[in-house]
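Protein chains: 2
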Amino acid sequence: MPKPRQKPTIYDISRLAGASASTVSASLSGAWRERRISEATARKVQEIAAEQGYFTNLQARGLRRARSGLVGMIMPVHDNRFFSSMSQSFEAHARMRGLCPVIVSTLRDPAEERRTVETLISYAIESLLIVGATDPDALEQMCRAAGLRHVYVDLPGRGAPSVISDNRHGAEMLTRAILDRMPAGGDGEAGGARALPYLLGGDAGDYASAQRINAFRAVAAERFGPLPEANVIACGYAPARASRELAALCDRLGGLPAGLFVNSLTAFEGVVGHLVTLPPEAFAGTAIGCYDYDPFAAFLQFPVHMVRQNADGLIARAFAMLDGGEEAAVVIEVAPDLVAPRTIYKGPFSELG
Amino acid sequence: MPKPRQKPTIYDISRLAGASASTVSASLSGAWRERRISEATARKVQEIAAEQGYFTNLQARGLRRARSGLVGMIMPVHDNRFFSSMSQSFEAHARMRGLCPVIVSTLRDPAEERRTVETLISYAIESLLIVGATDPDALEQMCRAAGLRHVYVDLPGRGAPSVISDNRHGAEMLTRAILDRMPAGGDGEAGGARALPYLLGGDAGDYASAQRINAFRAVAAERFGPLPEANVIACGYAPARASRELAALCDRLGGLPAGLFVNSLTAFEGVVGHLVTLPPEAFAGTAIGCYDYDPFAAFLQFPVHMVRQNADGLIARAFAMLDGGEEAAVVIEVAPDLVAPRTIYKGPFSELG
DNA sequence: ATGAAAGCGCTAACAA
DNA sequence: TTGTTAGCGCTTTCAT
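If you read the protein sequences in the order shown, they are chains W and H. Under the numbering used here, the first residue of the first sequence carries the number 254, and numbering increases by one thereafter. Under the numbering used here, the first residue of the second sequence carries the number 254, and numbering increases by one thereafter.
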């Protein structure tokens, strides 16, 4: 006879076990000890449940208990080293707490963000990590109305705790590393605009980029005085766009600038795509850094300093906020690391050690 | 006065709107048209719901309708280019169907896989994509018992449809590309074992690796006759391990082999970590290929052929199986691409052009 | 040590 | 065109 297609419920088990539904419930949810169910009964129920292929219906439990056992995280995209590391940490932390992680990307689209948060609220998630939100205020309002505990990550929000990368510090480190490697300003060879550092990529409207841009300008100003507007080219995250912008910049300058701060890994992908079309001597006089890390990018034909953000640190602190019941709009900053190039320097850079 | 902390229900709305709960339900679920609720009533209800910050409780709806609106996907890890691309596609396809995606990684751990599938079944997901399962048979049994529609992706399972990369074809392409670039066998310089190609990384026990290993052996045999056992070093996915194994191999051979097929991106990371410790002339006589793609790895100091798997194609076909109601254990193969190096060849490789 | 019964928030017959 | 009612599967008092 074919197995009943319907999933068994506690009532099926209760009938088979000759016990009441509540006894079955307790035996199966682990609460049988405190309900003073005899170990024999509990064990028997568990066995029958197992052999019937019974699975607790977590929707029903959630409905009854008014807690779903789900934790949510929204973030811009999955296919990105930084964010996917966060997913990995998020899961680990969720599991530790016996919660089921629900991670959804929102493609940096405010409307999609709102729709997604609404969906997650509707599934009664118990708390929410909001990573890199483009419109935190709208989300804030929704979470607040739903009484949903939430923490902002990577980009701060108002009205709830935020855990963010110390972008200022990271960008300062990276800018200094670039300046240190830049050919001395006075050699006259690449004079004028080419002697100044440029920042390429990212979106000036987002908080993280804005912080980095400020730090970049501040550090560069220590050496060169205030940088012209044109030295910051926040052209977004698309590789193709960054590639085009860099080509255009080279055209204007008559070559690569002496320093280049690339503001995201995807923009860097575009940069590299352009650089490899040039003869090696073309980028010999350029110091390059990238905000964000990729193990292979650290091994390119030319040395690249990279900033590695601490994804796990961010997530760990975010969960700590939730656990601690923090409600205030505190902002925690987590320091990123500067990663030196692992490339073997050949040619013009080898004397720079 | 502070907003009521409790979330409003249809009963709250119904009271405020002077309509019954079922009218509210229909007005809010979009079914009001066919329930012949006047547009005026529906609109009014919707307005009140909006201003009350009402969100449908999807747990309750799911319980009642016996469908949760969730689709699940399990996969080995998030922080991997291939898998995170799948997440991105999976979400897009889920959204198109009005479902909420739940993506969980299981760390290539059979026990974790089982626990996760159990959890997802308990949340009453409507279907499940099983990516790269280490123990498909156990999962098969669970899904079957729960009457859960599922499709295997990347690694085939028995008892349900599978959509997998054409590993044989991909590995053949890659092996041929490597052989074509290998220094001619007869030059005597790197004679004996060093003149043969090696495969490094991956797990011989998993289906994909096994396929690739077979293809590698078959193609190599066309030129060199059957390869010794030792030429396949399936040492897993950890970069550090691959690095050590490669170092040991170089010790044994007195240098790098003439051809190297690296069986995963993570193993390749280890390989690169070792290679850059060598002087450039050390790897001048080696042809390198990697199964899996990374945009930066394609730009390294030495040319690397890479196989790019079609993540979106896999997911699209998997959803097509679900949509089509396919139940049989058919196996669909999706072809990957061979990506030529974009590096500018300098030195020993430049004449190979 | 266990059972009976109410109800979580929603939907779907069935009535009206 | 709308309201009433009976559950979906589970947990949890309150009895016993």
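Even for Gly, the Cβ is constructed at its ideal location relative to N, Cα and C. Owing to the predicted nature of the structure, the values given are computational and were not obtained by experimental measurement.
Unbroken alpha helix (DSSP H) stretches of 4 residues or longer found wholly inside the segment 484–552 of chain H: 492–506, 518–528, given in chain order. Distance from residue 557/H to residue 594/H at the Cβ level is roughly 5 Å; contact confirmed, criterion being Cβ atoms closer than 8 Å.
Contact between residue 389/H and residue 408/H holds: CB atoms are separated by about 7 Å, below the 8 Å threshold. Taking CB atoms only, residue 311/H has a neighbour in chain W less than 8 Å away. DSSP lists 587/W as the beta-bridge partner residues of residue 418/W. For the set 364/H, 375/H, 540/H, the Cα lying nearest the Cα of residue 386/H is the one of 364/H.
In the structure shown, the three-state DSSP call for residue 577/W is coil. DSSP lists 358/W as the beta-bridge partner residues of residue 328/W. Within the segment 270–345 of chain H, the complete alpha helix (DSSP H) segments of 4 residues or longer fall at 274–282, 292–305, 311–318, listed in chain order.
DSSP places residue 559/W in the uninterrupted beta strand (DSSP E) bounded by 557–561. Within the same chain, and ignoring the five residues on either side of residue 476/H in sequence, the residues whose Cβ sits closer than 7 Å to its Cβ are 432.
The C-beta distance from residue 544/W to residue 391/W rounds to 27 Å, too long to meet the 8 Å contact threshold. When beta bridges are read from the DSSP output, residue 353/H appears opposite 323/H. Closest option to residue 322/W, judged by alpha-carbon separation, among 331/W, 312/W, 506/W: 312/W. CA-CA distance, residue 500/W to residue 452/H, rounds to 39 Å. Three or more beta-carbon pairs separated by less than 8 Å link the segment 446–460 of chain H to the segment 480–489 of chain H, which places the two stretches in contact.
Here DSSP, grouped into helix, strand and coil, assigns residue 567/W to helix. In the DSSP annotation of this structure, the continuous segment of the alpha helix (DSSP H) that includes residue 363/H starts and ends at 363–375. Straight across, the Cα-Cα distance linking residue 535/H with residue 508/H is about 7 Å. DSSP places residue 383/W in the strand class (E or B) of the three-state scheme. Judged by DSSP in its simplified three-state form, residue 411/H adopts coil rather than helix or strand. Here residue 402/H carries a strand assignment [DSSP, helix/strand/coil]. Against chain W, the CB of residue 584/H has no partner CB under 8 Å away; the residue lies outside that interface. Contact with chain W is absent for residue 281/H, since none of that chain's Cβ atoms lies less than 8 Å from the residue's Cβ.
For residue 488/H, there are no C-beta contacts with chain W under 7 Å, since the nearest C-beta of that chain is about 18 Å from it. For residue 452/H, the uninterrupted beta strand (DSSP E) run begins and ends at 450–453, by DSSP. Taking the C-beta atoms as reference points, residue 342/W is found nearer than 8 Å to residue 569/W. With its beta carbon less than 8 Å from one in chain W, residue 522/H belongs to the interface. Among the residues of chain H, those whose CB is under 8 Å from the CB of residue 595/W are 526, 529, following chain order. Secondary structure note for residue 447/H: it is in no alpha helix (DSSP H), with a DSSP letter that is neither H nor E. Taking a beta-carbon distance threshold of 8 Å, residue 346/H does not count as an interface residue toward chain W. With the criterion set as a beta carbon lying under 7 Å from some beta carbon of chain W, the members of the segment 351–369 of chain H are 353, 354, 355, 356, 357, 358, in sequence order. Within its own chain, the residues whose Cβ lies closer than 6 Å to the Cβ of residue 264/H, once the five positions on either side in sequence are excluded, are 274, listed in chain order. In terms of Cβ geometry, residue 514/H and residue 427/H form a close pair [threshold 8 Å].
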